[in-house]
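Residue numbering for the sequence shown follows our numbering, beginning at 14 and increasing consecutively.
For glycine and all other residues, C-beta sits at the position ideal for the given N, C-alpha and C.
These figures come from a predicted structure and were not determined experimentally.
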Amino acid sequence: MRWSQLYVPTLRDDPADAEAASHRLLVRAGFVRQLSAGHYALLPLAVRVRERVSRIVREEMNRIGAQEWAMPTMHPAEIWERSGRLEVMGDEMFHLKDRKGADLVLGMTHEEIFTTFAAQGLASYKQLPQMWYQLHTKFRDEPRPKSGLLRVREFTMKDSYSFDLDEAGLDRSFELHRAAYERIFARLGIPAIGVEASSGSMGGSASVEFMTETAAGEDLVVHCQSCDYAANVEKATSTLAAVVDEPAGTDAPEPFDTPDVRTIEDLARDYDLPGERQVKTLVYLLDGELTLVLLRGDHSLVEQKLTDATGAVEARPAQAEEIRAALGASPGSLGAVGVTELPVVADEALRGRSNMATGANRDGVHVRGVDVARDITVGRWADLREVTAGEPCPNCGKPLSVMNSVEVGHIFKLGYKYSEALDLTVLGPDGKSVMPIMGCYGIGIERGIAAIVEAHHDDKGILWPVSVAPFEVAVVPIGKDDEIKKTAGELYDALREAGVDTVLDDRDERPGVKFSDIELVGIPYRITIGRRGLANGVVEFASRAGGEAEELPLAEAAQRVAALVAEARAAL
């Protein structure tokens, strides 16, 4: 490819609305353009990168014996109703009707659809295990698309599905995918780690997210550097120091006036009651039922932990008027002491606590001397709190760190959820019907591209790993001499014949413009041919990542650069 024929609309300045490094650089370097919020066009350079990412994903999926499909994007809504997820997905799913009035949806994922085809085609245990995958466009009506390709409404996903006879088979399929994902991310140059995660709306018994650290990430990962414990904050735990409470000294909670108290901090400051001695009361609507959620005053709620613990499909904080109608007080004076008409869910950190303080359900009044077991009717205990940096690791006790991350892959043990909902059975070894057990496994392709840029860039632009770069080498003639142009063309042809993906920058531009564009675009290697070097029989070879430049004999340049490229490929 000659640069003069390429469409690479580079920009001198950063786009005003771009905060994430990947968003800023992919726009500036001419890889993507936005059509509307959450919808991006991939320009020719980005298509080349996506093809390379997809090829690596396909190679590793094929390596574990998975078979590729191509599924419809538009699904009958009835199939999603059968699994119960039409309601669960809510407004994030795109809905439409065809000309006959039939309800349709655009696929966010394909568990229901693959299971439907499995039910049509799998008849015997002898056909198991099966692993099927696709690379396909997905749609999600993301309420707050942002950060370029990191959070969008339309994207390509590699999603795969396993069907096994029993849990041992599922464990094998799960571990095959885990290993494949580790190889994929290593080859892509994404520093991803597998972390414990919530299964959320997917359901199932276990899931692992592959997360990569970036300032643009909106997920928090709790990580131990000493023992490699890692979990999404939605799943993470820690070991809290034991708290020894003084006896309450009373047989019942004691009310006291707190006219100016609105927050945990107010009560701690004005009444010498630190957050660890307070019971924080939140009010949530869980599937339409008003519920009290209790935590230690200095702890924060992880909403996903609450929905996981209760099985709620819909969860939201109650409105002030809903709270007052139920409890007779405003937020800031709420408590669960003596409340029996509403369900109460409490965090494990409150179990066994005494001599605590909490709201009295009267504005401007709190109670102290609360014994949780004696005074509060807890219907469900669960781990609800958010782990914070510095707390002891649950495995080794060393301090935990918390890092901003973005999810680049997620694997689930689905269990029997979709098999049951969609009547998937096969004949077992004894001739009786048996239900296959399922797993599912996803990688976002464009998000992976953005994650690569987040991990590989500098102040000059992108630093693509050789494995995914739009071109591996740029040949740059400097000057208008016919001999320079001829030599550049011959070197370009020789590199291509050696299997090196090469671009010839034949534009009529100043050297500085060419060099800046090549650095911005992120081509790993550059060969420069100028009048002085040609006179001495040498060319300049530069590495984008290292920044160093050296002279190579012209006669050996193609062979030596091809060897360097092959070595870089092998390293990934």
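Taking the Cβ atom as the reference point for each residue, do residue 21 and residue 526 lie within a distance shorter than 8 Å? no
Three Cβ pairs or more, each shorter than 8 Å: is that satisfied between the stretch 239-247 and the stretch 429-448? no
Between 520, 436, 419, which lies nearest to residue 159 when the distance is taken from Cα to Cα? 419
Helix, strand or coil, according to DSSP, for residue 524 in the structure here? helix
Three or more beta-carbon pairs under 8 Å between the stretch 453-463 and the stretch 258-268, yes or no? no
Beta-carbon proximity check, residue 168 vs residue 151, cutoff 8 Å: yes
I need the DSSP call for residue 31, collapsed to helix, strand or coil. coil
Assuming residue 165 is part of the alpha helix (DSSP H), what are its boundary residues? No alpha helix (DSSP H) contains residue 165, which DSSP labels as neither H nor E.
Bridge-paired residues (DSSP) for residue 14: Answer by DSSP bridge pairing: none, since residue 14 is not bridged.
Could you name each continuous beta strand (DSSP E) segment of 3 residues or more that falls completely within the stretch 314-398, going from the start of the chain to the end? 328-330, 357-360, 369-375, 378-383, 393-395
Find out if the Cβ-Cβ distance for the pair residue 480, residue 69 is shorter than 8 Å. yes
Judging by CA-CA distance, which residue of 513, 339, 570, 135 is the nearest neighbour of residue 14? 513
Where are the alpha helix (DSSP H) runs, 4 residues long or more, that stay fully inside the stretch 476-527, in chain order? 495-510
Under three-state DSSP, which class holds residue 211? coil
Looking at the structure shown, is residue 102 part of a helix, part of a strand, or coil, going by DSSP? helix
Tell me residue 553's beta-bridge partners as DSSP assigns them. 541, 564
Is the distance from the Cβ of residue 42 to the Cβ of residue 23 below 8 Å? yes
Please identify the residue among 363, 259, 427 whose C-alpha is closest to the C-alpha of residue 382. 259
Looking at C-alpha atoms only, which residue of 210, 109, 226 is the closest neighbour of residue 318? 210
Kindly indicate which residue of 351, 310, 489 has the alpha-carbon position closest to the one of residue 288. 310
Within this structure, are the beta carbons of residue 253 and residue 397 separated by less than 8 Å? no
DSSP three-state label for residue 69, please. helix
By Cβ distance, which residues of its chain are closer than 8 Å to residue 473, with the 5 residues on each side in sequence left out? 529, 532, 533
Can the beta-carbon of residue 518 be found closer than 8 Å to that of residue 16? yes
So, with DSSP's three-state summary, where would you put residue 312? coil
Name the two residues that bound the continuous alpha helix (DSSP H) containing residue 432. 430-434
Bridge partners for residue 236 per DSSP, in chain order? 243, 414
Who are the near neighbours of residue 108 in its chain, counting only those whose CB is closer than 6 Å to its CB and skipping five residues on each side? 118
Below 8 Å on the Cβ atoms is my guess for residue 465 versus residue 478; work out the distance and round it to an integer in Å. 7 Å
Does the count of Cβ pairs from the stretch 324-333 and the stretch 283-297 closer than 8 Å reach three? yes
Does the stretch 394-414 come close enough to the stretch 365-379 to have 3 or more Cβ pairs within less than 8 Å? no
Please report how far the alpha carbon of residue 248 lies from the alpha carbon of residue 49, in whole angstroms. 34 Å
Of the choices 137, 494, 386, 61, whose alpha-carbon is the least far from that of residue 548? 494
Tell me the rounded alpha-carbon separation between residue 322 and residue 219. 14 Å
Roughly how many angstroms lie between the CA atoms of residue 452 and residue 138, to the nearest whole one? 17 Å
Are there 16 or more other CB atoms within 10 angstroms of the CB of residue 313, so buried, or fewer, so exposed? exposed
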